[in-house]
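If you count the sequence shown from 1, you need to add 203 to reach the numbering used here. Below you'll find the structure, written out as structure tokens, and then a few comments.
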Amino acid sequence: MAFLLLGLIALCAGIVGALVGLGGGVILIPATLFIGLELQFFPDLTPQRVVGLSVIMMIFTGLSSTLSYMKSKQIDFKSGLIFFIGSIPGTMFGAWLNKSLDLPSFNLLFGILLIVLSTLLLVKDKLKPISWFIDHGTKRTFIDKNGIEYEYGFPIWFAIALTFVVGMISGLFGIGGGSLLVPAMVLLFLFPPHVAVATSMFMVFLSSLVNSASHIYLGNVPWSYTIPVIIGAYIGAKFGSALNKKLSSKTVVMVLQVVMMIMGIRSVIEGLL
Numbered sequence: 204m205a206f207l208l209l210g211l212i213a214l215c216a217g218i219v220g221a222l223v224g225l226g227g228g229v230i231l232i233p234a235t236l237f238i239g240l241e242l243q244f245f246p247d248l249t250p251q252r253v254v255g256l257s258v259i260m261m262i263f264t265g266l267s268s269t270l271s272y273m274k275s276k277q278i279d280f281k282s283g284l285i286f287f288i289g290s291i292p293g294t295m296f297g298a299w300l301n302k303s304l305d306l307p308s309f310n311l312l313f314g315i316l317l318i319v320l321s322t323l324l325l326v327k328d329k330l331k332p333i334s335w336f337i338d339h340g341t342k343r344t345f346i347d348k349n350g351i352e353y354e355y356g357f358p359i360w361f362a363i364a365l366t367f368v369v370g371m372i373s374g375l376f377g378i379g380g381g382s383l384l385v386p387a388m389v390l391l392f393l394f395p396p397h398v399a400v401a402t403s404m405f406m407v408f409l410s411s412l413v414n415s416a417s418h419i420y421l422g423n424v425p426w427s428y429t430i431p432v433i434i435g436a437y438i439g440a441k442f443g444s445a446l447n448k449k450l451s452s453k454t455v456v457m458v459l460q461v462v463m464m465i466m467g468i469r470s471v472i473e474g475l476l
């Protein structure tokens, strides 16, 4: 029963993560901490081991999503590789920082992060896109299936600095860097939303390889729990990628905002108490 629950959590995380480019860790981590530690389904798990489980999951959500988005040619591989360069040292540094966190500290910091991300998703449509980055950076173009041409771009130095910070947060909390990167790509670099999501999942796949290697080295991966998570996440990411191509993600993002805010507030309360 416990492993079935874990697989269902990973399935939901894979669907939501691939649909909106978040990687899925924001769903898996708080849900697993609640079911595993508070309900005692997995009493041997620690925050570090849950993070390790999450980064293993993101290898397969990222791989599944990348393969799907490759078929529809939505991925900007050059930009994804530039973002990956910045994220490598960031994820390693974040994984090293993670080992010093106890459960109350993890809950408090992770809860604050969820609240910030939820707020960012809430207001991102009301924020005016910034053209400075495209005017002072390398420009790229994308033509969608309707023949509409988009122009976007970024200074490479800024992209590398930004993804270092994103990678550090990803390594620390075991979440996909897309939680921060997708809004930045859309608002700062003027990426078309579907290209931002697809490119984010490509970077999530690459960075999760480095992130998982760091957590494996630190002994944070609970291997006995990985099978249901990998299966659920891979299948879920297939569904999420397919939905992304057919549906508007606004409703899902709205639901995600509410879920992240509730989980964030709850994590903060748990951390303080």
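Every residue gets a Cβ at the ideal spot worked out from N, C-alpha and C, and that includes glycine.
Residues bridged to Phe342 (per DSSP) | Residue 342 sits at position 139 when you count from the first residue of the sequence shown. Reading off the sequence shown, one finds Lys at residue 342, where the question assumed Phe. Beta-bridge pairing links Lys342 to Gly356.
What is the rounded straight-line gap between the Cα of Leu446 and the Cα of Ala401?
-> Reading the sequence shown from its first residue, position 243 is the one you call residue 446. Reading the sequence shown from its first residue, position 198 is the one you call residue 401. Per the coordinates, the alpha-carbon of Leu446 lies some 12 Å from the alpha-carbon of Ala401.
Is there contact between the segment 294-312 and the segment 412-431, where contact requires at least three CB pairs shorter than 8 Å?
-> Yes: at least three Cβ pairs fall under 8 Å.
Is there contact here, the segment 348-358 with the segment 317-331, by at least three beta-carbon pairs under 8 Å?
-> no
Would you mind working out which of Ile465, Leu384 and Ile433 sits nearest Phe287, comparing C-alpha positions?
-> By 1-based counting over the sequence shown, the position of residue 287 is 84. Nearest of Ile465, Leu384 and Ile433 to Phe287, Cα basis: Leu384.
Report all residues from its chain with a CB closer than 7 Å to the CB of Ala387; omit the five preceding and five following residues, and keep chain order.
-> Within the sequence shown, the letter at position 184 stands for residue 387. So the list reads Leu365, once near-sequence residues are dropped.
Can you give me the start and stop residues for the alpha helix (DSSP H) that Lys334 sits inside?
-> For the purposes of this step, residue 334 is identified with residue 131 of the sequence shown, where counting begins at 1. Residue identity check: residue 334 is Ser in the sequence provided, not Lys. No alpha helix (DSSP H) holds Ser334; DSSP gives it neither H nor E.
Is His418 closer than 9 Å to Asn301 when the C-beta atoms are compared?
-> Here residue 301 is taken as the residue at index 98 of the sequence shown, counted from 1. Here residue 418 is taken as the residue at index 215 of the sequence shown, counted from 1. Yes, Cβ-Cβ distance for Asn301 and His418 is below 9 Å.
Closer than 6 Å by C-beta to Ile218: which residues in its own chain qualify, once you throw out the five before and the five after it? Chain order, please.
-> Locating residue 218 in the sequence shown gives position 15, where the first residue counts as 1. If we look at Ile218 and ignore the five residues flanking it on each side, its Cβ neighbours are Gly439, Phe442 and Gly443.
Determine, using beta-carbon pairs with one atom in the segment 251-259 and one in the segment 465-476, whether at least three such pairs fall under 8 Å.
-> no
Residue burial classification, Ser427 (beta-carbon count within 10 angstroms, cutoff 16) = Numbered from 1 along the sequence shown, position 224 holds the residue referred to as residue 427. So Ser427 counts as exposed.
Would the C-beta of Leu211 count as close to the ligand NAD, meaning under 8 Å from any of its heavy atoms?
-> Only the bare structure without any ligand can be found here, which leaves the ligand NAD out of the picture.
Helix, strand or coil at Gln460 according to DSSP, with G and I counted as helix | If you number the sequence shown from 1, residue 460 lands on position 257. Here Gln460 sits in helix by DSSP.
Pull up the distance between the alpha-carbon of Phe244 and that of Phe405, whole angstroms please.
-> Position 41 of the sequence shown, counted from the first residue, corresponds to residue 244. Position 202 of the sequence shown, counted from the first residue, corresponds to residue 405. Using only the alpha carbons, I get a separation of about 33 Å.
Taking Cβ to Cβ, would you say Gly358 is nearer than 9 Å to Leu207?
-> Taking the first residue of the sequence shown as 1, we reach residue 358 at position 155. Taking the first residue of the sequence shown as 1, we reach residue 207 at position 4. Checking the displayed sequence, the identity of residue 358 turns out to be Pro instead of Gly. Going by C-beta atoms, Pro358 is not nearer than 9 Å to Leu207.
Which residues mark the beginning and the end of the alpha helix (DSSP H) in which Lys276 is found?
-> As a working mapping, residue 276 is identified with position 73 in the sequence shown. Counting along the chain, Lys276 falls outside any alpha helix (DSSP H), and DSSP gives it neither H nor E.
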